[in-house]
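> This is the structure I have questions about; it appears just below.
There are 2 protein chains.
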Amino acid sequence: MSLVVVGSMAFDAIETPFGKSNKIVGGAATYIAWSASNFTKPIKQVSVVGGDFPKEELLKLEARGVSVEGVQIKEDEKSFFWSGRYHMDMNTRDTLDTQLNVLANFDPILPDSYQDCEYLMLGNLAPSVQASVINRLNTKPKLVVLDTMNFWMESAMSDLENVIKKVDVLLVNDSEARQLSAEYSLVKAARVILNMGPKYLIIKKGEHGALLFHGNDVFFAPALPLEDVFDPTGAGDTFAGGFIGHIAKTNDISFENMKTAIIVGSAMASFCVEKFGTTRLKEIKKADIDERIQQFVQLVNFDIKLI
Amino acid sequence: MSLVVVGSMAFDAIETPFGKSNKIVGGAATYIAWSASNFTKPIKQVSVVGGDFPKEELLKLEARGVSVEGVQIKEDEKSFFWSGRYHMDMNTRDTLDTQLNVLANFDPILPDSYQDCEYLMLGNLAPSVQASVINRLNTKPKLVVLDTMNFWMESAMSDLENVIKKVDVLLVNDSEARQLSAEYSLVKAARVILNMGPKYLIIKKGEHGALLFHGNDVFFAPALPLEDVFDPTGAGDTFAGGFIGHIAKTNDISFENMKTAIIVGSAMASFCVEKFGTTRLKEIKKADIDERIQQFVQLVNFDIKLI
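Structure, rendered in structure tokens:
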């Protein structure tokens, strides 16, 4: 099933309590594509990079079945750059530097070959850009998933409210859910947000797992308890990539299958944090993923008959 | 199966962002007994109270199959009193007042009828007092579970290290696990703590659920996402009561059954927080508990066959 992924492809510089990276390749759409390409082909990437973005990164993605026809290369400009420092709990971070560069005037182009899009994953971007992609598709996809962040709630709330009316699944973290809903209880927050448009809401809680809300139903997936969390950058995008990748692979948008997709996303995120940037995502094979998903089964499985 | 419960029976005064209680009945052993008595009889209570402790509270427990022969009543003294204020996240709190009173010189007495103890639940108390109960039992119980807190790590670490060598299951929260092990990662913390003696470690994470570690195995139980957490006081004790109550009822100390016991404990804790003090625990019936356990099944159950 055809999956279109929209988002940044960029450079990051990361400091954690355990180390410091140079300027490395990152960006929401990078992580999403690396994660989702374990499950489904073709993936059709929509992004913009500067002349400084390594061409071999695009070739590596193409080799995994990711079309980069929709990735604009602005040779005379620079790629988006973000630099940040994580605190000890790895759930909070300070932004040290943000250089929008090519992202400042990003006008997403959808090649004709992308019009067969059945699944649309809108990575974190300006809500107006996310909306323009939805509007430029001639046919409504089977499922539209949108990720966003607190920055847009502060700077473009009205655009954000407009675009989330048009999506099926909204992805936010716990503090963003609280900010968006003005409710502290995540159960109450979910009810408010589901009334804003999306049919499904996923609240990511980092090391504390993720919740899926739909009507009155709720599903919880833990994060895998890890010996070391080396670098959480991209974990949310990697989660999103596993989630939409599994759904596109199975071509099943039922609530039951979304639960499974969240477990797949959680498994993918657990790899992402093991090394800096996309390093670990580039190493893992199908057998690693299958083994990790079995760890999730072991982690939460209990025998109700013993009660 | 005979279950002996040791811990404080006391008064609390509680402030939360949602309200303030008068001086109400609390104490670890109170919550444990109310919770465990839904699953097993007889429960044999070991505690100490002052003349101010309401006699009808003891009668209510007796009516549920809890023997209070081991509860010393010091008519001329006052019961232990704790007062605290919870922050918005309900996972952190400030102690406003602590009056040890009868607890200052608590010398636990084990009536002869308690010597058939098969399951021993040591609620949070001075580690030396917990150790003396173990030493006064003529026969080693099938399972000894110990709850403790950061206060003893700061004031009586050597006593604590001695007593946890003698127990099968240790219960702490996440920050206490980090303090006890000097490791930030809970996976590493668990390894250090399991090397200190206990065969099983339960790390309680409040609204983020609970982890059970044993050797290289790990199990995770979520907390039920609740609309409102009204008062978290006693939630950990109520969890412990459900855990040991289920194990005593089933007389099965396997790792598989401990997983189920943790789900039972989590279900009981989810009731406790719905009202001030023990109010909710005194209202619920078997049907309420069964329904809530089914909610946990729904919350975590996913179909691996869909992968």
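As given, the protein sequences belong to chains A and B, one line each in that order.
Heads up: the first sequence begins at 711 in the numbering used here, then just goes up one per residue.
Heads up: the second sequence begins at 711 in the numbering used here, then just goes up one per residue.
Note that beta-carbon positions come from the ideal geometry of N, C-alpha and C, so glycine has one too.
1. Using the DSSP secondary-structure output, state which residues sit across from A:Met-831 in a beta bridge.
2. Could you check what DSSP says for A:Arg-795 in three-state terms: helix, strand or coil?
3. Comparing alpha-carbon positions, which option in A:Trp-862, A:Val-839 and A:Asn-845 lies nearest A:Val-882?
4. Show which residues of chain B have a CB atom less than 8 Å away from the CB atom of A:His-918.
5. Would a check of beta-carbon distances place B:Asn-883 closer than 8 Å to chain A?
6. Going by the DSSP bridge assignment, what does A:Val-928 pair with across the sheet?
7. Relative to the C-alpha of B:Asp-817, which residue among B:Val-839, B:His-924, B:Val-759 and B:Thr-808 is closest?
8. Give me the residue from A:Ala-933, A:Leu-922, A:Phe-923 and A:Ile-999 with the minimum Cα distance to B:Gly-919.
9. Can you check whether the C-beta of A:Ser-895 is within less than 8 Å of a C-beta belonging to chain B?
10. Counting only beta-carbon atoms, is A:Thr-960 nearer than 8 Å to chain B?
11. Could you tell me how far apart the beta carbons of B:Leu-853 and B:Asp-878 are, in whole angstroms, since I believe they sit closer than 8 Å?
12. Output the distance between the C-alpha atoms of A:Lys-985 and A:Asp-941, rounded to the nearest integer angstrom.
13. Beta strand (DSSP E) containing B:Gln-782: first to last residue?
14. Could you check where the beta strand (DSSP E) with A:Tyr-910 kicks off and where it finishes?
15. Can you list, in chain order, the residues of its chain with a C-beta nearer than 6 Å to that of A:Ala-892? Leave out the 5 residues immediately preceding and following it.
16. Is it the case that the Cβ atoms of B:Leu-1016 and B:Ser-745 are separated by a distance below 8 Å?
17. Can you list the beta strand (DSSP E) stretches of 3 or more residues lying completely in the segment 845 to 906 of chain B, in chain order?
18. For the ligand NAD, any of its heavy atoms closer than 7 Å to the Cβ of B:Asn-801?
19. For the pair the segment 899 to 919 of chain B and the segment 806 to 822 of chain A, tell me if three or more CB-CB distances fall below 8 Å.
20. Would you mind giving the Cβ-Cβ distance between A:Pro-821 and A:Gly-780, rounded to the nearest angstrom? I have them listed as a contact below 8 Å.
21. Which of the three DSSP states is assigned to B:Leu-768 in this structure?
22. Taking C-beta to C-beta, are A:Pro-727 and A:Met-798 nearer than 8 Å?
23. Checking 8 Å against the spacing of the C-beta atoms, do B:Gly-1037 and B:Gly-916 come in under that value?
24. Could one say the Cβ of A:Asp-722 lies closer than 8 Å to chain B's Cβ atoms, at least one of them?
25. Taking the continuous beta strand (DSSP E) assigned at B:Phe-721, which residues delimit it?
26. Counting only the same chain and skipping the five closest in sequence on each side, list residues whose C-beta sits under 6 Å from that of A:Val-776.
27. Can you tell which of B:Lys-996, B:Gly-975, B:Gly-951 and B:Thr-943 has its C-alpha closest to the C-alpha of B:Gly-729?
28. Would you grab the beta carbon distance between A:Ala-958 and A:Thr-750 for me? Rounded to a whole angstrom, and I think it's under 8 Å.
29. Does the Cβ of B:Lys-914 have 16 or more other Cβ atoms within 10 Å, making it buried, or fewer, making it exposed?
30. Nearest chain A C-beta to B:Glu-937 closer than 8 Å, yes or no?
31. Which residue or residues does DSSP assign as beta-bridge partners of B:Gln-809?
32. Taking Cβ to Cβ, would you say B:Phe-1012 is nearer than 8 Å to A:Thr-970?
33. Would a C-beta distance cut-off of 8 Å place A:Leu-713 and A:Met-831 closer than the cut-off?
34. With a threshold of 8 Å between beta carbons, is B:Thr-970 in contact with chain A?
35. Any idea what DSSP makes of A:Ile-734, helix, strand or coil?
36. First and last residue of the alpha helix (DSSP H) that includes B:Gln-1005?
The answer reads as follows:
1. Per DSSP, A:Val-715 and A:Val-855.
2. Of the three classes helix, strand and coil, the one that applies to A:Arg-795 here is strand, per DSSP.
3. Of the candidates A:Trp-862, A:Val-839 and A:Asn-845, the one whose C-alpha sits nearest the C-alpha of A:Val-882 is A:Trp-862.
4. Per Cβ cutoff of 8 Å: Lys-915, His-918 and Gly-919.
5. At a cut-off of 8 Å between beta-carbon atoms, B:Asn-883 makes no contact with chain A.
6. The beta-bridge partner set that DSSP reports for A:Val-928 consists of A:Phe-923.
7. Considering only alpha carbons, the answer is B:Val-839.
8. The option with the nearest alpha carbon to B:Gly-919 is A:Ala-933.
9. Using a CB distance cut-off of 8 Å, A:Ser-895 counts as an interface residue toward chain B.
10. Yes - at least one Cβ of chain B is within 8 Å of the one on A:Thr-960.
11. Yes, they are in contact, since the Cβ atoms of B:Leu-853 and B:Asp-878 sit about 5 Å apart, within 8 Å.
12. Distance between the alpha carbons of A:Lys-985 and A:Asp-941 is about 6 Å.
13. Segment 776 to 784, the beta strand (DSSP E) holding B:Gln-782.
14. Under the DSSP assignment, A:Tyr-910 falls in the beta strand (DSSP E) whose first and last residues are 910 to 914.
15. Nothing meets the Cβ criterion.
16. No, Cβ-Cβ distance for B:Leu-1016 and B:Ser-745 is not below 8 Å.
17. The qualifying runs are 853 to 857 and 879 to 883.
18. Of ligands this structure carries none, so the ligand NAD is not represented either.
19. The segment 899 to 919 of chain B makes no contact with the segment 806 to 822 of chain A; the number of CB pairs closer than 8 Å stays below 3.
20. The beta-carbon separation of A:Pro-821 and A:Gly-780, rounded to 5 Å, stays under the 8 Å limit for a contact.
21. Note: B:Leu-768 maps to helix in three-state DSSP.
22. In this structure, A:Pro-727 sits near A:Met-798, with a CB-CB distance shorter than 8 Å.
23. A question about residue 1037 of chain B goes unanswered here, because the residues of chain B that appear run from 711 up to 1017.
24. False, the Cβ-Cβ gap to chain B never drops below 8 Å.
25. Counting along the chain, the beta strand (DSSP E) containing B:Phe-721 begins and ends at 720 to 726.
26. Ala-743, Ser-747, Ile-753 and Gln-755, listed in sequence order.
27. The option with the nearest alpha carbon to B:Gly-729 is B:Thr-943.
28. Indeed they touch by this definition, with Cβ atoms about 4 Å apart.
29. Result: buried.
30. Closer than 8 Å: yes.
31. Beta bridge pairing from DSSP links B:Gln-809 with B:Phe-791.
32. Inclusion of B:Phe-1012 and A:Thr-970 in the CB contact set at 8 Å is warranted, their separation being smaller than that value.
33. In contact: A:Leu-713 and A:Met-831 (Cβ atoms closer than 8 Å).
34. At a cut-off of 8 Å between C-beta atoms, B:Thr-970 counts as an interface residue with respect to chain A.
35. In the structure shown, A:Ile-734 sits in a strand (DSSP, three-state: E or B).
36. Looking at the DSSP string, the run of the alpha helix (DSSP H) that includes B:Gln-1005 is 996 to 1010.
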